[in-house]
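Right, one structure below, let's go through it.
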Amino acid sequence: MSLASEQSSVPMDDRGLAYGDGLFETVLVRDGTPLLWDEHMARLARGCQVLGIPLPARDALDCLPERAGPGLRVLKLILTRGSGGRGYLPPASSSPRLRWQAMAFSPQPSRWRDGVRVRHCRLRLGIQPLLAGLKHLNRLENVLARNEWSAPDLAEGLLCNSDGWLVEATCMNLFWLREGQLETPRLDDSGVAGTLRAALLERLPVSEVMATPDVLAGAEAVWLANSIQGVWPVAQLDDAGGTRLANWTIGRAHRHLQAAAHDLLDYPVDFPE
420 MSLASEQSSV
430 PMDDRGLAYG
440 DGLFETVLVR
450 DGTPLLWDEH
460 MARLARGCQV
470 LGIPLPARDA
480 LDCLPERAGP
490 GLRVLKLILT
500 RGSGGRGYLP
510 PASSSPRLRW
520 QAMAFSPQPS
530 RWRDGVRVRH
540 CRLRLGIQPL
550 LAGLKHLNRL
560 ENVLARNEWS
570 APDLAEGLLC
580 NSDGWLVEAT
590 CMNLFWLREG
600 QLETPRLDDS
610 GVAGTLRAAL
620 LERLPVSEVM
630 ATPDVLAGAE
640 AVWLANSIQG
650 VWPVAQLDDA
660 GGTRLANWTI
670 GRAHRHLQAA
680 AHDLLDYPVD
690 FPE
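Sequential numbering from 420 applies to the sequence shown in this note's numbering.
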């Protein structure tokens, strides 16, 4: 196992660089303590199992958050299969490379409090059940989707798969409240199973459903969530052309899911109306 910090270079024949043959995790760290660490490690382990990459020793991973530095930080881990193989054929015995980087982070409290404007994306995610849920390095679909808008007041874009089912936002998971029931898209065929999503599914009665985009217009509340940003209530939803489809007044209905998530991340949970 090759372990190095952000200063270490990656050789041209690294399979992660050449083919996206690897995995990554982005972890919120507060004064050396990682949030949702077990969920991140579980997802990394599942990704290693699916891709056939040896999982790093847990003690080699557990020591990294305390090296991230003081204050609120984002620790990024990148694990590639390493070098070797012939073309797409992986080597018979992999020597993975683990790289890490820690960066200072400041969340955006106004988005927690006031909510965000989001839009639907034109891009459709491909269907590949074997890779669904993993945070693998090949994220070109997300890059192309995020390139669809540049307006600073648009916070995120929502993605469907090629069959038309809602999946996620470009870098966040999606939740909504419909007829009093919390729901989130199933991720059997596409998308990333976020660690905050996993923790919320364990703690709250959230149903995983297959739904088309029109479900959102009739929802009582809509949220975006991930383990770095926390939970953003959605105040306005636009179509891919910029036409408003729905809007919500951010209030008590939005705070239950947000409070449960922010308690896990040690973020504020009280936003007076």
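We treat Cβ as the ideally placed atom computed from N, Cα and C, and that holds for glycine.
What you are looking at is a predicted structure, and each value in this text was computed from that prediction instead of being measured.
Would residue i and residue j qualify as a contact pair, given that the criterion is a beta-carbon distance under 8 Å?
i      : j      : result
ALA665 : PRO652 : no
ALA659 : ARG477 : no
ILE497 : ARG465 : no
VAL611 : LEU544 : no
VAL493 : LEU643 : no
LEU559 : VAL469 : no
VAL634 : THR603 : no
PRO475 : SER513 : no
LEU436 : LEU463 : no
GLY637 : ARG597 : yes
THR589 : ALA551 : no
Starting from the Cα of residue i, find the closest Cα among the options and give me that residue.
i      : options                        : result
PRO526 : THR631, ILE647, VAL625         : ILE647
THR631 : GLU598, LEU550, HIS539         : HIS539
GLU575 : ASP633, VAL650, VAL469         : VAL650
THR614 : TRP667, ALA461, SER427, ASP689 : ALA461
GLY439 : LEU606, LEU480, GLY501         : GLY501
ASP608 : LEU578, MET431, LEU573         : LEU578
LEU549 : MET629, GLU598, LEU606         : LEU606
VAL680 : LEU619, PRO430, GLY583         : The sequence given here has Ala at residue 680, not Val. The residue with the shortest Cα to Cα distance from ALA680 is LEU619.
GLN600 : ALA588, VAL628, THR589, PRO509 : VAL628
ASP582 : PRO509, ALA479, MET591, GLN547 : GLN547
GLY503 : LEU684, PRO430, VAL688, TRP456 : PRO430
LEU684 : TRP456, GLU485, SER428         : TRP456
With a threshold of 16 other CB atoms inside 10 Å of the CB of residue i, please say whether the residue is buried or exposed.
i      : result
CYS482 : exposed
ASN580 : buried
VAL562 : exposed
ASP433 : buried
GLU458 : buried
PRO571 : exposed
ASP657 : buried
ASN592 : buried
THR668 : exposed
ALA479 : exposed
From residue i to residue j, what does the alpha carbon distance come to, in whole angstroms?
i      : j      : result
THR445 : ALA523 : 12 Å
ARG622 : ARG616 : 10 Å
GLY506 : ALA521 : 32 Å
TYR686 : ALA487 : 19 Å
THR452 : GLN677 : 21 Å
TRP595 : ARG516 : 38 Å
TRP531 : ASN645 : 12 Å
VAL448 : ARG674 : 24 Å
GLY490 : ASP450 : 5 Å
ALA672 : ALA511 : 53 Å
TRP568 : ASP533 : 21 Å
ASP682 : LEU454 : 11 Å
GLY670 : ASP689 : 11 Å
LEU508 : LEU556 : 17 Å
THR499 : PRO528 : 34 Å
CYS467 : LEU573 : 35 Å
GLY661 : LYS495 : 33 Å
GLN655 : VAL535 : 7 Å
ASN566 : TRP584 : 21 Å
PRO484 : SER428 : 21 Å
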